[in-house]
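Participant:
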Amino acid sequence: MAHADLDRLRTISGVKWTRYGPDVLPAWVADMDFDPASEIKDAMKALIDSGDLGYNPDVTDPLIPTWLDWNERNHGWRPPAEECFSLTGTLHGLEIALLHHTEPGDGVVVFSPIYQPFRKGIETNGRRVVDVQLAGPDWRMDPDQFEAALDPGTKAVILCQPHNPLGRVFSAEELKGLADVCERHDLLILNDEIWADVVHEPNQHLSIGKAAPEALHRTVTLAAASKTFNLAGMRCAVAHVGSSAVRPAFANFPAHQMGSPSTIGSLATITAFTQATEWLAEVKRQLLTNMDTIARRVADDMPGVEFHRPEATYLAWLDFSNTKIADDPFNHILTNAGVALDQGSKFGEQATSCARLNFATSDKILNMILDRVAGCLS
Ligand SMILES: Cc1ncc(COP(=O)(O)O)c(C=O)c1O
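If you want the numbering used here, it's the 1-based position in the sequence shown plus 2.
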């Protein structure tokens, strides 16, 4: 069973366990509580012990081919290597593409509620958020609703597949519908697949590269090992830039201005994709158990709370609308129960009664979190 040790977690300096102080149980930012795979830690330790910390193309060059092998093996899709680039993070790639392809004032579609940095990236760069609400309980992407939201100044759409925070894996039909609308309106698709490898059986990740390959010429796909293998601080990601209009931004941008992942981040990512699959299988078993626990505890101990089992991610989207803390569940739970969830309103203005719970933790810590949340509702 995947292990998360409370004593160890209380000593680490990462933001998840330090932001809210020692009495709070954190279930917010998307880091896991599990110790990373020993294969990854051993590879990193060996590099450090050898003092081999200079420029090292032997370590960094295999990054793209290793990701392509992984993607082909797991997701049945292999784009050409010469269209791929390495980056320090998925948001890094997304914003390079956004800045290159759009002008200040242009509209960029997001499907809300949505991972908040997308909205921030659009707004801080002077672009305009075009908000399309996904409606529960099934949160399907409706092409007609999407198309109706567009105006002539809309130039791009951010697709988050699988979706954070809703945990949806969009179907082939939904992706094809999206691709058709993008074709009709000449929209760039910024396709964030950072969660592609945390999909729960019987669901399967479906890349737009597989479901709608005809849309690849207008797509930039971002991927990483960071969410899947608990490596977010290692700063390493990859991009497939299918759009030939956007590719020059990645290919010709001065290398030092563009930045690149570190040797150690690349090594961690490569080791994850080649050696840590058993670790991942064990973690995914734990996540399935944790979803059962949440479903049971919500049904038994949290009257009025709504939870829909996510198809992907380790994020549970909880709706507190029919409870006494509906006005601001995040702050009620933080103040009265000592649990830091992620605040619904960050994901969209219609989500103030919701909160996101990161359940990538042990049985013990998850039950402590759920005990505290349940106590706050009675
Ligand atoms: C959907 C999504 N995209 C991007 C990121 C951040 O990725 P990075 O650190 O590679 O920029 C996250 C982090 O949780 C995420 O959930």
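Yeah, the Cβ is synthetic: ideal placement off N, Cα and C, and Gly gets one too. The structure presented is a predicted model; accordingly, all values stated were derived computationally and were not measured.
So if DSSP puts TRP319 in a beta bridge, which residue, or which two residues, is it bridged to?
Facilitator: Position 317 of the sequence shown, counting from 1, holds the residue named residue 319. Per DSSP, ARG358.
Participant: Is any non-hydrogen atom of ligand 1 found closer than 6 angstroms to the C-beta of TYR117, if you look at the structure I gave you?
Facilitator: The residue given as residue 117 occupies position 115 in the sequence shown. Checking the Cβ of TYR117 against ligand 1 gives yes.
Participant: Using the three-state DSSP reduction, which class does THR462 fall into: helix, strand or coil?
Facilitator: The question about residue 462 has no answer, for the chain in this structure spans 3 to 380.
Participant: With respect to 6 angstroms, is the separation between the Cβ of GLY91 and the closest non-hydrogen atom of ligand 2 below this value?
Facilitator: Ligands present in the displayed structure are limited to ligand 1, and ligand 2 is not among them.
Participant: Looking at ALA314 and VAL171, is the spacing between their C-beta atoms short of 7 angstroms?
Facilitator: Your numbering for residue 171 matches position 169 in the sequence shown. Your numbering for residue 314 matches position 312 in the sequence shown. Taking 7 angstroms as the Cβ cut-off, VAL171 and ALA314 qualify as a contacting pair.
Participant: Just the C-alpha distance for LEU368 and PRO215, rounded to the nearest angstrom, thanks.
Facilitator: Numbered from its first residue, the sequence shown carries residue 368 at position 366. Numbered from its first residue, the sequence shown carries residue 215 at position 213. Whole-angstrom Cα-Cα distance: 40 angstroms.
Participant: Can you tell me whether DSSP reads ASN127 as helix, strand or coil?
Facilitator: For this step, residue 127 is matched to residue 125 along the sequence shown. Three-state result, ASN127: coil.
Participant: Our contact map puts PHE309 next to LEU320 with C-beta atoms below 8 angstroms; I'd like the distance itself, whole angstroms only.
Facilitator: Residue 309 sits at position 307 when you count from the first residue of the sequence shown. Residue 320 sits at position 318 when you count from the first residue of the sequence shown. About 6 angstroms separates the two Cβ atoms, so the contact holds.
Participant: In angstroms with no decimal places, state the Cα-to-Cα distance between ASP391 and PHE332.
Facilitator: Given that the chain is displayed from residue 3 to residue 380, the structure contains no residue 391 and the question cannot be resolved.
Participant: Between which residues of its own chain and ALA83 is the CB-CB distance below 8 angstroms, once the five residues before and five after are set aside?
Facilitator: Residue numbering aside, residue 83 sits at position 81 when the sequence shown is read from its first letter. ILE66, PRO67 and LEU70, listed in sequence order.
Participant: May I ask whether a heavy atom of ligand 1 can be found less than 6 angstroms away from the beta carbon of CYS378?
Facilitator: Here residue 378 refers to the residue found at position 376 when the sequence shown is read from its first residue. No, the beta carbon of CYS378 sits no closer than 6 angstroms to any heavy atom of ligand 1.
Participant: Mind checking which residues open and close the beta strand (DSSP E) that includes ALA241?
Facilitator: In the sequence shown, the residue the question calls residue 241 occupies position 239. Counting along the chain, the beta strand (DSSP E) containing ALA241 begins and ends at 239-243.
Participant: Between the alpha carbons of ASN127 and ALA239, how many angstroms are there, rounded?
Facilitator: The residue labelled residue 127 in the question sits at position 125 within the sequence shown. The residue labelled residue 239 in the question sits at position 237 within the sequence shown. The straight-line gap from Cα to Cα measures roughly 22 angstroms.
Participant: Inspect the beta-carbon positions of THR92 and ILE196 and report whether they are closer than 7 angstroms.
Facilitator: Your numbering for residue 92 matches position 90 in the sequence shown. Your numbering for residue 196 matches position 194 in the sequence shown. Yes, the pair counts as a contact, with Cβ atoms nearer than the cut-off.
Participant: Are the segment 267-276 and the segment 38-45 in contact at 8 angstroms, needing three or more beta carbon pairs?
Facilitator: At 8 angstroms Cβ cutoff, the stretches touch.
Participant: For PHE120, which residues in the same chain have their Cβ closer than 7 angstroms to its Cβ, ignoring the five residues on either side in sequence?
Facilitator: On the sequence shown, position 118 is the one that residue 120 refers to. Here the set comprises VAL112 and ILE160.
Participant: The beta strand (DSSP E) that contains SER114, what's its start and end?
Facilitator: Locating residue 114 in the sequence shown gives position 112, counting from the first residue. Counting along the chain, the beta strand (DSSP E) containing SER114 begins and ends at 109-114.
Participant: CB-CB under 7 angstroms to ASN166, same chain, minus the five flanking residues each way: which ones, in chain order?
Facilitator: One-based indexing of the sequence shown puts residue 166 at position 164. Excluding positions up to five away in sequence, the list reads TYR117, TRP197, THR315 and LEU317.
Participant: Could you spell out where the beta strand (DSSP E) holding LYS157 opens and where it closes?
Facilitator: By 1-based counting over the sequence shown, the position of residue 157 is 155. 156-162 is the extent of the beta strand (DSSP E) around LYS157.
Participant: Would the beta-carbon of ALA362 be found less than 6 angstroms away from any heavy atom of ligand 1?
Facilitator: As a position in the sequence shown, residue 362 is number 360, starting the count at 1. ALA362: no, Cβ never under 6 angstroms from ligand 1.
Participant: Please tell me whether ASP35 and LEU55 are closer than 7 angstroms, where the distance is taken between their beta carbons.
Facilitator: Numbered from 1 along the sequence shown, position 33 holds the residue referred to as residue 35. Numbered from 1 along the sequence shown, position 53 holds the residue referred to as residue 55. Going by C-beta atoms, ASP35 is not nearer than 7 angstroms to LEU55.
Participant: Could you check the C-alpha separation between GLY377 and LEU100 for me, to the nearest Å?
Facilitator: Within the sequence shown, numbered from 1, the residue matching residue 377 stands at position 375. Within the sequence shown, numbered from 1, the residue matching residue 100 stands at position 98. C-alpha separation (whole angstroms): 44 angstroms.
Participant: If you run the structure through DSSP and keep just helix, strand and coil, what is GLN277?
Facilitator: Here the question's residue 277 lines up with position 275 in the sequence shown. Helix.
Participant: Thinking just about the alpha-carbon of each residue, which of ASN205, LYS212 and VAL200 is nearest to the one in ALA181?
Facilitator: Numbered from its first residue, the sequence shown carries residue 181 at position 179. Measuring from the Cα of ALA181, the nearest candidate turns out to be LYS212.
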